[in-house]
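The structure under discussion appears below in the form of structure tokens.
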Amino acid sequence: MTKEEGFDLFRWMATYDKRWIYVILFIVVLYPLMRPVGMPITVSELTRDYYDQINSLKEGDIVFDSWNMEFSGYMELKPGVLATHRIFIEKGVKLCIAFGHFEGVAIPDVVFSELRSVMQEYDYRELDDYIILGYILPNEAAVAALAQDFHGVVRQDWKGNPIEGTFLDQITNAGDFAMINDYTTGLATTFEVRHMVLTYGTPMVVNCIGVSIPGALANLDAGLYTGLLASTRGGAELEYLIGAPGPGLKSMDAFTFGHYMLIIFIIIGNIGHYGWARRTRYRDRTGIR
Amino acid sequence: MVVEWFEYSVTLVGIFISFCMYTTLYGKENPLRSWAEFSYLAAGTGVSVTWAVWYIYTTAIVNIQAGDIILFASIILGLMMLFRVHPKYSYISRVPLAFTVGVQLALSLRTIIFTDFLVQINATIIKLWTGVPKDFLYQVTIAVSVISILTFFLYTLEVTGPLLMTSKLGEYLMYIGFGAIFAQTFMGRLGLFVGYMERLTTPVWKQPYTIASAIICLLAAVFFEKSGLGKKLSAG
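Have a look at this one:
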């Protein structure tokens, strides 16, 4: 290998310390969150369809609200969770909340404290309007049993209050739910599709993380889902659609700049590769400098 | 006041511990990262065990008390699983394991053939022209992609002539698909990061602590590397 002298821009572009990417990413994300720019946003057809599905629910309809996410997933799905629950509360939809991950049990406090004002406005109360069942979706057998014989599996909520005498008396199996609303990082969602949607024909809408979107789109096309809210972007679009700006719209600037940053680094890396790495191989092979 | 102070302290520790965890991006060992990582593992394990016990209580004990005595069998099977840690009697745990695998397979096989196979194929075989040009473009793209990618995976005959062309087309279509999946993955990971940073910067009073934590942790990571203390003090 010949020793290279002087500054070579192509070489720098191909071999710079990759830790700079993380430093720049932190700056690119943090700055617009602290000083929002307000980049324009459009609402996709996907989000409009999701909104139409949610909006078609009537007062008193019971929704199986499945939170198949951990805290990390919640950070991505937060805009969708808040915007969708705002709609549920405003419409007077009753929620049966269940978790597919033990971390999920800590999320309702965060969500309902952020929605406190709208809950007070519509007098939306635990046990009367929503019931939190807790971590009851650990595996496929649990989901299948719950779908088949609801009260045979669950008799109390996560605080030990009996669910008998509440609006859940109207539920005998998964077919009695007006809709399944699922926030997912990919936990019990497939089990719900198999044992609630396929077996009982209950419509299901999903708010999934970005990694799961390609697979979720296939399920949407196949009719297994009736609506799909795609990641933070979908949540931001829903916030825009219902006129309730929240964390999603605030995040969109950081999102946009983050994507621009990735594109720039891909271009830099490729130019560096073709300009330096390939030229180095050519030099080594031919000896021509 | 006490509650406010408690929430305030928890938030500050949360912000700092988050950036301690992020020092892993620096690529060198340091005790802050070890502390954050082990704290998370300990807390996660504690919560996990607590909720597992709670799940057994609500779905088994409460239901047994309500007269569903068949659930005694599941308690016994669960206890048999614990023999796995005993070298001499670990074979006993095979019974509940076999039972679990059998139930899981039976539950999955009944429906997976529909959700992952028949319904998906059914969704692919659709009318190309529905009167909407945009939909026509989508349907044709799906049809061409499915057929050409399937020909790429033909291993039982020599791929020559027109098959070679569709196979090549399928290969390039898969590259496009992989590119789209990578982009979605990046968007998802960025969404997670942005969502968390949004939480660390809202409300505004958190912002100075966030920036201070980021700078302190970065400087600490550099210090631990330069001084050589990082490897010595971290748990590996």
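Going line by line, the protein sequences match chains A and B.
At position 92 of the first sequence the residue is numbered 75 (our numbering), and the sequence of numbers has no breaks.
Quick note, our numbering runs 337 ahead of the 1-based positions in the second sequence.
Even glycine gets a Cβ: it sits at the ideal position worked out from N, Cα and C.
Skipping 5 residues on each side, what residues in its chain have a beta carbon closer than 7 Å to that of residue 227/A?
-> Sequence index remark: in the first sequence, residue 227/A carries index 244 (1-based). Counting only residues of its own chain and dropping the five nearest sequence neighbours on each side, residue 227/A has a CB closer than 7 Å to the CB of 66, 69.
Going by beta carbon distance, what residues of the same chain come within less than 7 Å of residue 133/A, once the five residues before and after it are set aside?
-> Reading the first sequence from its first residue, position 150 is the one you call residue 133/A. Excluding the 5 residues flanking it on each side, residue 133/A has same chain C-beta neighbours closer than 7 Å at 154, 155, 156, in chain order.
Taking the continuous beta strand (DSSP E) assigned at residue 40/A, which residues delimit it?
-> What you label residue 40/A is simply residue 57 of the first sequence in a count that begins at 1. Run containing residue 40/A: none; DSSP gives neither H nor E here.
So is residue 39/A in contact with chain B if we call contact Cβ pairs under 8 Å?
-> Position 56 of the first sequence, counting from 1, holds the residue named residue 39/A. Output row for residue 39/A: interface = no.
Counting only beta-carbon atoms, is residue 521/B nearer than 8 Å to chain A?
-> Against the second sequence, residue 521/B aligns to sequence position 184. At least one chain A Cβ lies under 8 Å of residue 521/B.
What residue does the alpha helix (DSSP H) around residue -4/A start on, and which one ends it?
-> Indexing the first sequence from 1 puts residue -4/A at position 13. Note, residue -4/A: alpha helix (DSSP H), -8 to -2.
Can you check the stretch 62 to 128 of chain A for any beta strand (DSSP E) of at least 3 residues that lies completely inside it and give the ranges in chain order?
-> Runs of the beta strand (DSSP E) inside the stretch 62 to 128 of chain A: 77 to 82, 113 to 118.
Under a CB-based cut-off of 8 Å, is residue 421/B close to chain A?
-> Looking up residue 421/B in the second sequence gives position 84. No, residue 421/B does not count as interfacial toward chain A.
Pairwise C-alpha distance: residue -9/A and residue -16/A | Residue -16/A sits at position 1 when you count from the first residue of the first sequence. Residue -9/A sits at position 8 when you count from the first residue of the first sequence. Because the pLDDT of residue -16/A is 45, which lies under 50, any placement of that residue in the model is unreliable, and the number read from its coordinates should be weighed accordingly. Between residue -16/A and residue -9/A, the C-alpha separation is close to 16 Å.
Should the stretch 341 to 350 of chain B be called in touch with the stretch 9 to 21 of chain A, which here means at least 3 C-beta pairs below 8 Å?
-> Flag = no, the stretch 341 to 350 of chain B and the stretch 9 to 21 of chain A do not touch.
Does the distance from the C-beta atom of residue 52/A to that of residue 166/A stay below 8 Å?
-> Working through the first sequence from its first residue, we reach residue 52/A at position 69. Working through the first sequence from its first residue, we reach residue 166/A at position 183. Contact: yes.
Write down the C-beta distance between residue 221/A and residue 63/A rounded to the nearest angstrom, noting that I regard them as a contact closer than 8 Å.
-> Position 238 of the first sequence, counting from 1, holds the residue named residue 221/A. Position 80 of the first sequence, counting from 1, holds the residue named residue 63/A. Confirmed, Cβ separation roughly 6 Å.
Is it buried or exposed for residue 466/B, if we count other Cβ within 10 angstroms and need 16 for buried?
-> The residue you call residue 466/B lines up with position 129 of the second sequence. By the 10 Å Cβ count, residue 466/B comes out exposed.
Sort out for me which residues DSSP pairs residue 210/A with in a bridge.
-> Locating residue 210/A in the first sequence gives position 227, counting from the first residue. According to DSSP, residue 210/A shares a beta bridge with 188/A.
Chain A contacts made by the stretch 511 to 537 of chain B, where a contact means CB separation under 9 Å = Within the stretch 511 to 537 of chain B, the residues whose Cβ lies closer than 9 Å to any Cβ of chain A are, in chain order, 514, 517, 518, 520, 521, 522, 523, 524, 525, 526, 527, 528, 529, 530, 531, 532, 533, 534, 535, 536, 537.
Tell me whether the beta-carbon of residue 219/A lies closer than 8 Å to the beta-carbon of residue 24/A.
-> Walking along the first sequence from the start, residue 219/A turns up at place 236. Walking along the first sequence from the start, residue 24/A turns up at place 41. Cβ atoms of residue 219/A and residue 24/A: closer than 8 Å.
Please list, in chain order, all residues of the same chain as residue 191/A whose beta carbon is under 6 Å from its beta carbon, the five residues on each side excluded.
-> Against the first sequence, residue 191/A aligns to sequence position 208. Excluding residues within five positions, the ones whose Cβ falls inside 6 Å are 167, 199.
Should residue 388/B go down as buried or exposed, given a rule of 16 or more other Cβ atoms within 10 Å for buried?
-> As a first step, residue 388/B must be located in the second sequence, where it is residue number 51. Counting of Cβ neighbours within 10 angstroms places residue 388/B among the buried residues, the total reaching 16 or more.
By how many angstroms is the C-alpha of residue 433/B removed from the C-alpha of residue 110/A?
-> Your numbering for residue 110/A matches position 127 in the first sequence. Your numbering for residue 433/B matches position 96 in the second sequence. Taking the straight line joining both Cα atoms gives about 37 Å.
Same chain, Cβ closer than 7 Å to residue 56/A, neighbours up to 5 away in sequence not counted = For the purposes of this step, residue 56/A is taken as residue 73 along the first sequence, with counting starting at 1. The residues are 168, 192.
Quick one, are the C-beta atoms of residue 411/B and residue 420/B less than 8 Å apart?
-> The count along the second sequence starts at 1 and reaches residue 411/B at position 74. The count along the second sequence starts at 1 and reaches residue 420/B at position 83. The Cβ atoms of residue 411/B and residue 420/B lie no closer than 8 Å to each other.
Under 7 Å from the C-beta of residue 58/A: neighbouring residues of chain B = The residue given as residue 58/A occupies position 75 in the first sequence. Here the neighbours are 529, 532, 533, 536.
Residue 32/A to residue 413/B span [Cα, whole Å] = In the first sequence, the residue the question calls residue 32/A occupies position 49. In the second sequence, the residue the question calls residue 413/B occupies position 76. Cα to Cα, the separation comes out at about 48 Å.
According to the neighbour-count rule (16 or more other Cβ atoms, all chains shown, within 10 Å of its Cβ), is residue 363/B buried or exposed?
-> Along the second sequence, one-based indexing puts residue 363/B at 26. The Cβ neighbour count for residue 363/B, taken over all protein chains shown within 10 Å, is at least 16; the residue is labelled buried.
Nearest to residue 518/B by CA position, among 196/A, 224/A, -7/A, is which residue?
-> Numbered from its first residue, the second sequence carries residue 518/B at position 181. Checked all of 196/A, 224/A, -7/A; the closest Cα to residue 518/B is 196/A.
Nearest-angstrom Cα separation, counted from residue 137/A out to residue 143/A = The count along the first sequence starts at 1 and reaches residue 143/A at position 160. The count along the first sequence starts at 1 and reaches residue 137/A at position 154. Going by the C-alpha atoms only, they are around 11 Å apart.
What's the gap between the Cα of residue 436/B and the Cα of residue 488/B?
-> Sequence index remark: in the second sequence, residue 436/B carries index 99 (1-based). Sequence index remark: in the second sequence, residue 488/B carries index 151 (1-based). Distance from the CA of residue 436/B to the CA of residue 488/B, rounded to the nearest whole angstrom, comes to 40 Å.
Where residue 201/A and residue 58/A are concerned, what is the direct C-alpha to C-alpha distance, given to the nearest angstrom?
-> As a working note, residue 201/A is residue 218 in the first sequence. As a working note, residue 58/A is residue 75 in the first sequence. C-alpha separation (whole angstroms): 24 Å.
If you scan the stretch 190 to 272 of chain A from start to end, which runs of the alpha helix (DSSP H) of 4 or more residues do you find wholly inside it?
-> Segments of the alpha helix (DSSP H) lying fully in the stretch 190 to 272 of chain A: 196 to 204, 214 to 225, 230 to 255, 261 to 269.
The stretch 240 to 256 of chain A / the stretch 91 to 107 of chain A touching (three or more Cβ pairs under 8 Å) = Because the criterion of three Cβ pairs below 8 Å is not met, the stretch 240 to 256 of chain A and the stretch 91 to 107 of chain A do not touch.
Do you know how far the Cα of residue 523/B is from the Cα of residue 516/B?
-> By 1-based counting over the second sequence, the position of residue 516/B is 179. By 1-based counting over the second sequence, the position of residue 523/B is 186. Answer to the nearest angstrom: the Cα atoms are 11 Å apart.
Rounded Cβ spacing between residue 175/A and residue 39/A (contact assumed at less than 8 Å) = Locating residue 175/A in the first sequence gives position 192, counting from the first residue. Locating residue 39/A in the first sequence gives position 56, counting from the first residue. About 20 Å separates the Cβ atoms of residue 175/A and residue 39/A, ruling out a contact at the 8 Å cut-off.
Output the boundary residues of the alpha helix (DSSP H) element that contains residue 12/A.
-> Residue mapping note: residue 12/A aligns to position 29 of the first sequence, counting from 1. Unbroken alpha helix (DSSP H) run through residue 12/A: 2 to 17.
Mind pulling the chain B residues with CB within less than 8 Å of residue 119/A?
-> Position 136 of the first sequence holds residue 119/A. Result: 392, 395, 396.
Return no unless some Cβ of chain B is closer than 8 Å to the Cβ of residue 147/A.
-> Within the first sequence, the letter at position 164 stands for residue 147/A. Closer than 8 Å: no.
Are the stretch 355 to 362 of chain B and the stretch 554 to 566 of chain B touching, with three or more C-beta to C-beta distances below 8 Å?
-> As far as the Cβ criterion goes, the stretch 355 to 362 of chain B touches the stretch 554 to 566 of chain B, which means the pair count is three or higher.
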